[in-house]
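Chemist:
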Amino acid sequence: MALSQTIQQKLLQKLSPQQIQLMKLLQVPTANLEERIKEELEENPALELDDENKQDTDADDIQDEFETAEEEFEMDGSEDEYENLDISEYVADDDGEIADYKMKDENYPEMDDKKVVPIKNEISFYELLIDQLGMLDLDERNFKIAEQLVGSLDEDGYLRRELSSIADDLAFRQNIVADEKEIEALIQQIQQFDPPGVGARDLKECLLIQLERKKNEGGAVELAIIILKKYFDEFIKKHYEKIQRGLDLTDEQIKEVIHQIIKLNPRPGGNVGEVNKAESYIVPDFFILNNGGKLELTLNSRNAPDLRVSEGYRDMLKDYEKGSKKDKRQKEAVLFIKQKIDSAKWFIDMIKQRQETLINTMSAIINHQKEFFLTGDETVMHPMILKDIAEKTGLDISTVSRVANSKFVQTEFGTYRLKFFFSESLSTDSGEEVSTREVKKILSDMIEGEDKRKPLSDEHLTDMLNEKGYNIARRTVAKYREQLNIPVARLRKEL
Numbered sequence: 014m015a016l017s018q019t020i021q022q023k024l025l026q027k028l029s030p031q032q033i034q035l036m037k038l039l040q041v042p043t044a045n046l047e048e049r050i051k052e053e054l055e056e057n058p059a060l061e062l063d064d065e066n067k068q069d070t071d072a073d074d075i076q077d078e079f080e081t082a083e084e085e086f087e088m089d090g091s092e093d094e095y096e097n098l099d100i101s102e103y104v105a106d107d108d109g110e111i112a113d114y115k116m117k118d119e120n121y122p123e124m125d126d127k128k129v130v131p132i133k134n135e136i137s138f139y140e141l142l143i144d145q146l147g148m149l150d151l152d153e154r155n156f157k158i159a160e161q162l163v164g165s166l167d168e169d170g171y172l173r174r175e176l177s178s179i180a181d182d183l184a185f186r187q188n189i190v191a192d193e194k195e196i197e198a199l200i201q202q203i204q205q206f207d208p209p210g211v212g213a214r215d216l217k218e219c220l221l222i223q224l225e226r227k228k229n230e231g232g233a234v235e236l237a238i239i240i241l242k243k244y245f246d247e248f249i250k251k252h253y254e255k256i257q258r259g260l261d262l263t264d265e266q267i268k269e270v271i272h273q274i275i276k277l278n279p280r281p282g283g284n285v286g287e288v289n290k291a292e293s294y295i296v297p298d299f300f301i302l303n304n305g306g307k308l309e310l311t312l313n314s315r316n317a318p319d320l321r322v323s324e325g326y327r328d329m330l331k332d333y334e335k336g337s338k339k340d341k342r343q344k345e346a347v348l349f350i351k352q353k354i355d356s357a358k359w360f361i362d363m364i365k366q367r368q369e370t371l372i373n374t375m376s377a378i379i380n381h382q383k384e385f386f387l388t389g390d391e392t393v394m395h396p397m398i399l400k401d402i403a404e405k406t407g408l409d410i411s412t413v414s415r416v417a418n419s420k421f422v423q424t425e426f427g428t429y430r431l432k433f434f435f436s437e438s439l440s441t442d443s444g445e446e447v448s449t450r451e452v453k454k455i456l457s458d459m460i461e462g463e464d465k466r467k468p469l470s471d472e473h474l475t476d477m478l479n480e481k482g483y484n485i486a487r488r489t490v491a492k493y494r495e496q497l498n499i500p501v502a503r504l505r506k507e508l
């Protein structure tokens, strides 16, 4: 096979390292931005916080860094890059760019720690159960089996694994041979733990465990136990008439049973922290204030840290510039310091670009949804897709998406994720394009105001929307209802 050379012309689009870094920074929410900046400060000693917040860099530390650079910095064999070393732009007295980068103005609201709800330092669900496990009179073998069972519970407090799988885990991981009868006996003990219902295999067992603890209340509780044991499927599907016929119950009796059951907790583990996770709170990225009809937008101050390049590093370069002795090791170290300063300047520029991108994106959203930010009425929201904001800001659609998916804005009507403001359009009889968000709000209001004894079917809801001028199909109404987490009419029925 003969070899040949050909010339090909290709058009490729590649992201620069700076663009990749910016994309990553855009995805970082405010709650995590401080940690990201802290990491950069630790990695690059040439980067500092402003004079009010930074810890002054010790001169000895800088000198140690310089000496380390002299010892460890190795050239690639070519001396061209340091023989004609020019550091004039780094040591100019009027170099305000290096001396200080102000990231924010006085209008950025500071986060008042007294107003921020602290993260709860509460015991985890797993720790709560292990504490109760220690109160049982178990030998070492049974304690390890019970500990394995507690560790197998999901975050809702259910034991959804098969006993055979748990037995296999005990054999392979703990070297404990246990039969299913032994494991079941320990499960029964764990099901007596708090919160009530923990250790159940399914919803039916979870509710029955809770009702058994209330058995001494008699009447409706005992009747609820009978109904869940014999008519569980009928009950969850709200086929109350069938239950009444089967047990010869009056309307008042079935109402009392329903009242007892709806008070139970279907997720016993859901109210006790999070499994192995700290409880978190939303930190808004933006604040919008309605000042007499004029909307004012500000960034959270945590999005706007004052960063600067270390004065000590610039002074070190000045000393080198003034010195007469400039050997190879010193030049190599200076190149190393230049790299640190360049990296610091580059990171600061990325933070500034991040801020500008956030402000531009949010400003475009405000302009598009101005009526909502003035009134808080979802029915006045306009259709808006990512492309609309991308065109207004000149940003790429993927960039707008990154901002919308990970950022929150605080308004006088509540705190919203930015993607809340995006929605498709729907035509009315008059040909007007309206937001699907508006239709969902109207749909939600219709269902909220319905007679719960005769809830509205999807067909009826469709007719009502059509009467209001919204051209919408029944399947679309069903889709919107599901997106709103609203069950079908039969499951919304109340006696």
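The opening position of the sequence shown corresponds to residue 14 in the numbering used here, with each subsequent residue numbered one higher. C-beta: ideal position from N, C-alpha, C; glycine also. It should be emphasised that the depicted structure is a prediction, and the values quoted were computed from it without experimental measurement.
1) Could you check what DSSP says for Q423 in three-state terms: helix, strand or coil?
2) Which whole-angstrom value is the C-beta distance of L497 and K453, which I expect to be below 8 Å?
3) Inspect the beta-carbon positions of I238 and L260 and report whether they are closer than 9 Å.
4) On the three-state DSSP scale, how would you describe E247?
5) Which whole runs of the beta strand (DSSP E) in the segment 423-497 are 3 residues long or more, in chain order?
6) Since I believe L60 is in contact with L320 (beta carbons under 8 Å), could you give me their beta-carbon distance rounded to a whole number of angstroms?
7) Rounded to the nearest angstrom, what separates E502 and Y493 at their Cα positions?
8) Run through DSSP, which three-state label would T263 get?
9) Taking the C-alpha atoms as reference points, what is the distance between L224 and E235?
10) With 16 other CB atoms within 10 Å as the buried threshold, where does D264 fall?
11) Return the first residue and the last residue of the alpha helix (DSSP H) that K227 is part of.
12) Can you give the Cα-Cα distance for L312 and I295, rounded to whole angstroms?
13) Taking N418 as the reference, which of P297, I143, G462, Q201 has the closest Cα?
14) When we look at the beta-carbon of D207 and count the other beta-carbons within 10 Å, is it buried (16 or more) or exposed?
15) How would you call K351, buried or exposed, if buried means at least 16 neighbouring beta carbons within 10 angstroms?
16) The beta strand (DSSP E) spanning N303 covers which residue range?
17) Measuring CB to CB, does M397 end up less than 9 Å from I378?
18) Can you tell me whether M329 is helix, strand or coil according to DSSP?
19) Can you find the residues in the same chain that come closer than 6 Å, C-beta to C-beta, to Q145, ignoring five residues on each side of it along the sequence?
20) So which of K420, K467, I485, I455 has the shortest CA-CA distance to D442?
21) Indicate whether the contact test is met: 3 or more Cβ pairs, each with one atom in the segment 35-54 and one in the segment 409-423, closer than 8 Å.
22) Alpha carbon to alpha carbon, how far is I275 from D246?
23) Would you mind stating whether Q202 and L149 have Cβ atoms separated by less than 9 Å?
24) For T392 versus I455, is the C-beta spacing smaller than 9 Å?
25) With a cut-off of 8 Å on the beta carbons, I'd call E193 and A180 a contact; round off their distance for me.
26) Buried or exposed: which applies to V322, given that a residue is buried once 16 or more other Cβ atoms fall within 10 Å of its Cβ?
27) Of the residues F349, K465, E404, T489, which one's Cα is nearest the Cα of E472?
28) Measure the beta-carbon distance from T374 to V347 and round it to whole angstroms, keeping in mind my assumption that it falls under 8 Å.
29) Classify R450: buried if its beta carbon has 16 or more other beta carbons within 10 angstroms, exposed otherwise.
30) So who's on the other strand from R522, going by DSSP bridges?
31) Under the three-state reduction of DSSP, which class applies to E175: helix, strand or coil?
32) Determine, using beta carbons only, whether L11 and K383 come nearer to each other than 9 Å.
33) Going along the chain, which residues of its own chain have a beta-carbon closer than 6 Å to the beta-carbon of Q18, five neighbours each way excluded?
34) Determine the direct distance from the alpha carbon of K344 to that of E85, and round the result to whole angstroms.
35) What did DSSP end up calling E168 once you bin it into helix, strand or coil?
36) Can you tell me where the beta strand (DSSP E) holding K307 begins and where it ends?
Modeler: Taking the geometry as given:
1) Residue numbering aside, residue 423 sits at position 410 when the sequence shown is read from its first letter. Of the three classes helix, strand and coil, the one that applies to Q423 here is strand, per DSSP.
2) One-based indexing of the sequence shown puts residue 497 at position 484. One-based indexing of the sequence shown puts residue 453 at position 440. Contact flag correct, Cβ pair sits at about 6 Å.
3) Within the sequence shown, numbered from 1, the residue matching residue 238 stands at position 225. Within the sequence shown, numbered from 1, the residue matching residue 260 stands at position 247. For I238 and L260, no; Cβs fall outside 9 Å.
4) The residue given as residue 247 occupies position 234 in the sequence shown. Helix.
5) 427-430, 438-440, 446-448
6) By one-based count along the sequence shown, residue 320 stands at place 307. By one-based count along the sequence shown, residue 60 stands at place 47. Correct: roughly 6 Å between the Cβ atoms.
7) What you label residue 502 is simply residue 489 of the sequence shown in a count that begins at 1. What you label residue 493 is simply residue 480 of the sequence shown in a count that begins at 1. Note on identity: in this sequence residue 502 is Ala, with Glu being the wrong assignment. Their backbone Cα atoms lie some 14 Å apart in a straight line.
8) Reading the sequence shown from its first residue, position 250 is the one you call residue 263. For T263, the secondary structure class from DSSP, reduced to helix, strand or coil, is coil.
9) In the sequence shown, residue 224 corresponds to position 211, counting from 1. In the sequence shown, residue 235 corresponds to position 222, counting from 1. Whole-angstrom Cα-Cα distance: 8 Å.
10) Here residue 264 is taken as the residue at index 251 of the sequence shown, counted from 1. Exposed, since its Cβ has fewer than 16 Cβ neighbours within 10 Å.
11) Here residue 227 corresponds to residue number 214 of the sequence shown, with the count starting at 1. No alpha helix (DSSP H) holds K227; DSSP gives it neither H nor E.
12) One-based indexing of the sequence shown puts residue 312 at position 299. One-based indexing of the sequence shown puts residue 295 at position 282. Their Cα atoms are separated by approximately 15 Å.
13) Within the sequence shown, residue 418 is the residue found at index 405, counting from 1. Nearest option by C-alpha distance: P297.
14) Stepping through the sequence shown from its first residue, residue 207 is reached at position 194. So D207 ends up on the exposed side.
15) Taking the sequence shown and counting its residues from 1, the one referred to as residue 351 is at position 338. With 16 or more other Cβ atoms within 10 Å, it is buried.
16) Along the sequence shown, one-based indexing puts residue 303 at 290. Per DSSP, N303 belongs to the beta strand (DSSP E) from 299-304.
17) Locating residue 397 in the sequence shown gives position 384, counting from the first residue. Locating residue 378 in the sequence shown gives position 365, counting from the first residue. Contact: yes.
18) The count along the sequence shown starts at 1 and reaches residue 329 at position 316. Three-state DSSP puts M329 in a helix.
19) Taking the sequence shown and counting its residues from 1, one reaches residue 145 at position 132. For Q145, where only same-chain residues beyond five positions count, the Cβ hits under 6 Å are F206.
20) On the sequence shown, position 429 is the one that residue 442 refers to. Ranking the options by Cα distance to D442, first place goes to I485.
21) yes
22) The count along the sequence shown starts at 1 and reaches residue 275 at position 262. The count along the sequence shown starts at 1 and reaches residue 246 at position 233. Roughly 15 Å between the two C-alpha positions.
23) Position 189 of the sequence shown, counted from the first residue, corresponds to residue 202. Position 136 of the sequence shown, counted from the first residue, corresponds to residue 149. Their beta carbons are under 9 Å apart, which means Q202 touches L149 by this criterion.
24) Start at 1 with the first residue of the sequence shown, and residue 392 comes out as number 379. Start at 1 with the first residue of the sequence shown, and residue 455 comes out as number 442. In this structure, I455 lies closer than 9 Å to T392 by Cβ.
25) The count along the sequence shown starts at 1 and reaches residue 193 at position 180. The count along the sequence shown starts at 1 and reaches residue 180 at position 167. With 8 Å as the limit, E193 and A180 qualify as a contact, their Cβ atoms being about 6 Å apart.
26) Your numbering for residue 322 matches position 309 in the sequence shown. V322 is buried by the Cβ-count criterion.
27) As a working note, residue 472 is residue 459 in the sequence shown. Of the listed residues, the one whose Cα sits closest to E472 is T489.
28) Counting from 1 along the sequence shown, the entry for residue 374 is found at position 361. Counting from 1 along the sequence shown, the entry for residue 347 is found at position 334. Actually they do not touch by this definition, with Cβ atoms about 40 Å apart.
29) Mapped onto the sequence shown, residue 450 falls at position 437. Buried, since its Cβ has 16 or more Cβ neighbours within 10 Å.
30) Outside the displayed range of the chain (14 to 508) lies residue 522, so it cannot be described from this structure.
31) On the sequence shown, residue 175 is found 162 positions in, with the first residue counted as 1. Of the three classes helix, strand and coil, the one that applies to E175 here is coil, per DSSP.
32) Outside the displayed span of the chain (14 to 508) sits residue 11, for which this structure offers no information.
33) For the purposes of this step, residue 18 is identified with residue 5 of the sequence shown, where counting begins at 1. Result list for Q18: empty, nothing under 6 Å.
34) Locating residue 85 in the sequence shown gives position 72, counting from the first residue. Locating residue 344 in the sequence shown gives position 331, counting from the first residue. Any answer about E85 is weak, because its pLDDT of 48 lies below 50 and its placement is not dependable; what the coordinates show is given next. If you take the alpha carbons of E85 and K344, they lie about 13 Å apart.
35) For this step, residue 168 is matched to residue 155 along the sequence shown. Coil, per DSSP.
36) For the purposes of this step, residue 307 is taken as residue 294 along the sequence shown, with counting starting at 1. That run of the beta strand (DSSP E) goes 307-312.
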